[in-house]
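Below is one structure, written out as structure tokens; comments come after it.
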Amino acid sequence: MSYLNFKSEYDRFPKTTIKNHRAFHGYDAIYQELKSKMNNNSVVVFDYYPGVDENEVYEFIKRFNFSLEINMHDLFKDGKTMTEQMKYNLTDDRVFGKMYYGNLADFMDEDKLEEAKNKVKEHHGSTIIYGVGAGLVSQGDVYVYFDMARWEIQLRYRKSMPNYNCDNYDEDILKKYKRGYFIEWRIADKHKAERFNCFDYVVDTNKSNDPKMISSDTFIDSLKQLAQKPFRTVPYFDPGVWGGQWMKEVCNLDKDQSNYAWSFDGVPEENSILFDYDGVTFELPAMDLVLYQPKELLGEQVYSRFGAEFPIRFDFLDTMEGQNLSLQVHPLTEYIKKNFGMSYTQDESYYILDAKEDAHVYLGLKEGIQPDEMISDLESAQRGEIVFDADKYINKFPAKKHDHFLIPAGTCHCSGKNAMVLEISATPYIFTFKLWDWQRLGLDGLPRPINIEHGKHVIQWDRTTEWVKEHLVNATYEVKEDGNDCKIEHTGLHELEFIETRRYTIKENSFHKTHGTVNMLNLIDGKSAVIEGDFEPFIVHYAETFIIPASIKEYTIKPYDCDEIKVLYDFKKERNEYKFHPFFWQIGGKYTYPADKDKIYYHHRRGFEDCFEAPQNIPYRSCL
């Protein structure tokens, strides 16, 4: 079956060309460059992101002749001790842990770390410090950072790679991912971000035995350039038990795969960015951009609320010729904060890109149901005693192309078969409480995790049929914007959510201001579009997600090689104002109001003490 009336030009590997810079390709070229920067007394630091192939890099290290080698593995606590120390954050749950906000050094032996520092200082000769956290010992004379994207790490987990300093080769993939998501990647990102300006070189290690290296000047200039222009992240695609066939055609994927269920396109925590240096493609985690250029990318308002995190994500859920998703619910903010250490939750929506005639969405509860009865049936179904009757408890709405279903946290929902969903949500994407999975096993042959115990504490039982119809199903209305004659519709999200979406139907062009906040968009109809402004024209194709950094003040969108387009435009909306004004007490009884005192959200603590740019001049900082 064909889903398009034109040939797809979807770009799976979008690149940003950086002029007047170069990359060193392959270990031979990297060796020659690094060797030219060393002498007989050089201290060389090879710092790794957890997941880098340490054996591969050590084969490279052996090309040099260092008189002192310090292996970071020798400075970390042993694997069992580290796991025990992580126990509180790992939890006994198969999927969910608690966010760890500490540091990499927390898992190191303090005495051994200090001893290593002294060895380096006292040694007369060439020294190599290599491994995860090497920069904690010394910044050295030459500092090389070996980087890797989280998606590649996940693929390596599936091929039996263990977590860092751990022997869990054959452990459940979900548990490996949990350890990475809640602990390893958090402390590794924090360590990396603190040392951006120390790097002399950065190495892309995403492809085995095919490294590329750039200088620190190239690294910094590339990220600064990217934060000043539209760009795309590198999408990735994954099969699933309910997966469909739509993305195979539209996204130019392998036709021999049985299905594709997910695509994550516009999720900097998971996705990469690609740079082109005179024909050499260099891959970086998109989080490097978020961490290095947060204000330029996100804008002051978003940065003050979320810190260096990208709060919005787009992804595809493909059930065309597939099956229903699991029936699920997402936690409320208070619940996710108390139980998992996150300060905001996964509010979301389903935008229907395509649908067959029998497509539908399960959303909200039917009128008059009894919570205890529904939970009892879910628990009985989980024990295999009954088949859960979803139609008895959950509303089932027909879904057609360009429908928009809003899903604030606490709302029971799932997409049915034969729908192609553009899912728009806040970034904490792992926190899905599955309530019922239609008696299926995962692709690994294991039962998929069911989270009724969590779910029953967050389901909003008053979100029933009539309320859902009024507030969550196609709550669309036209709006006017200065400078725009095209049709503009507010399509979401719900007033409880911090994201707003608008749909633009454009025949000639549309004018946009970022208003100092990051914009995220997807071309939801039409062959292609061109984005123009104070940057080189940027072309996007049907179904591609793209990002407009906050640093871009204004831009236009118009059809390219077609007559009409539809663009879904997503941004952090202004919050309602309130009358209680927070203020800072100062010594002597003085107080000052923050600049955004009228906003319902002034500052939401993220768990990092360095989230403020300057020290607070208040006597009791614990109140923050």
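Numbered per my numbering, the sequence shown spans residues 677 to 1300. Glycine residues also receive a C-beta, built at the ideal position from the N, C-alpha and C atoms.
Between His1188 and Tyr1231, the C-beta gap is smaller than 9 angstroms, which places the two residues in contact. In the pairwise beta carbon analysis, the region 977 to 990 is classified as not touching the region 1067 to 1084: fewer than three pairs are separated by under 8 angstroms. The continuous beta strand (DSSP E) containing His1188 extends over residues Ser1186 to Lys1189. Taking the Cα of Lys711 as reference, the smallest distance to any Cα among Val818, Arg698, Ile896 and Thr757 is reached at Val818. A distance of 9 angstroms or more separates the beta carbons of Asp941 and Glu685.
For Tyr1011, the enclosing alpha helix (DSSP H) covers residues Thr1009 to Phe1016. Between Asp1053 and the set Asn1000, Ile1128 and Cys1088, the nearest pair of CA atoms involves Ile1128.
Secondary-structure assignment with DSSP links Trp1112 through a beta bridge to Leu1003.
Rounded to whole angstroms, the gap between the alpha carbons of Glu946 and Arg862 is 13 angstroms. In this structure, DSSP gives Phe951 an extended state, which the three-state scheme calls strand.
By the C-beta density criterion, Gln1022 is buried, having at least 16 other C-beta atoms within 10 angstroms.
Under a 10 Å Cβ-count criterion, Cys1238 is classified as exposed, with fewer than 16 other Cβ atoms of the shown protein chains found around its own Cβ. Put simply, the backbone Cα of Val1144 is about 13 angstroms away from that of Gly1168.
If only uninterrupted beta strand (DSSP E) runs of at least 3 residues are considered, those enclosed by the region 744 to 813 are 744 to 747 and 803 to 808.
Under the three-state reduction of DSSP output, Val878 falls in the strand class. Residue state for Gly1040 is assigned as strand, using DSSP reduced to three classes. Between Thr1103 and His1006, the C-beta spacing is not below 9 angstroms.
DSSP links Arg1179 through a beta bridge to Glu1165 and Leu1244. By the neighbour-count criterion, in which a residue is buried when 16 or more other Cβ atoms sit within 10 angstroms of its Cβ, Lys756 is exposed. CA-CA distance, Arg1178 to Glu1165, rounds to 5 angstroms.
Gly1118 has its alpha-carbon roughly 16 angstroms from the corresponding atom of Gly1060. Looking only at Arg855, Arg989 and Cys1090, the smallest Cα-Cα distance to Tyr1038 is reached by Cys1090. Burial is judged here by how many other beta carbons sit within 10 angstroms of a residue's own beta carbon; Pro1213 has fewer than 16 and is exposed. If only complete runs of 4 or more residues are kept, the region 840 to 893 shows the alpha helix (DSSP H) at 849 to 855 and 861 to 869, in order along the chain. Measuring C-alpha to C-alpha distances from Asp914 to each of Tyr968, Trp827 and Glu997 identifies Trp827 as the nearest.
From the listed residues Thr957, Lys971, Ile949 and Gly955, the smallest Cα separation to Met963 is found for Ile949. Residue state for His1147 is assigned as helix, using DSSP reduced to three classes.
Within a 10 Å sphere around the beta-carbon of Leu1029 sit 16 or more other beta-carbons, which makes this residue buried. By DSSP's assignment, Ile1223 forms a beta bridge with Phe907 and Met1196.
Cβ neighbours of Leu929 within its own chain (closer than 7 angstroms, five residues either side excluded): Phe913, Met923 and Tyr936. Glu959 places its beta carbon 9 angstroms or farther from that of Lys900.
Around Asn839, the same chain offers Lys852, Arg855, Gly856 and Glu860 as residues with beta carbons nearer than 7 angstroms, after the five sequence neighbours per side are excluded. According to the DSSP assignment, Val978 belongs to the alpha helix (DSSP H) that extends over Glu976 to Phe982. Nearest to Tyr1105 by alpha-carbon distance, out of Tyr1020, Asn1094 and Tyr1245, is Tyr1020. By the neighbour-count definition (other C-beta atoms within 10 Å, threshold 16), Leu1122 is an exposed residue. Just measuring C-alpha positions, the residue of Tyr776, Thr759, Ile1100 and Asp897 sitting nearest Lys866 is Tyr776.
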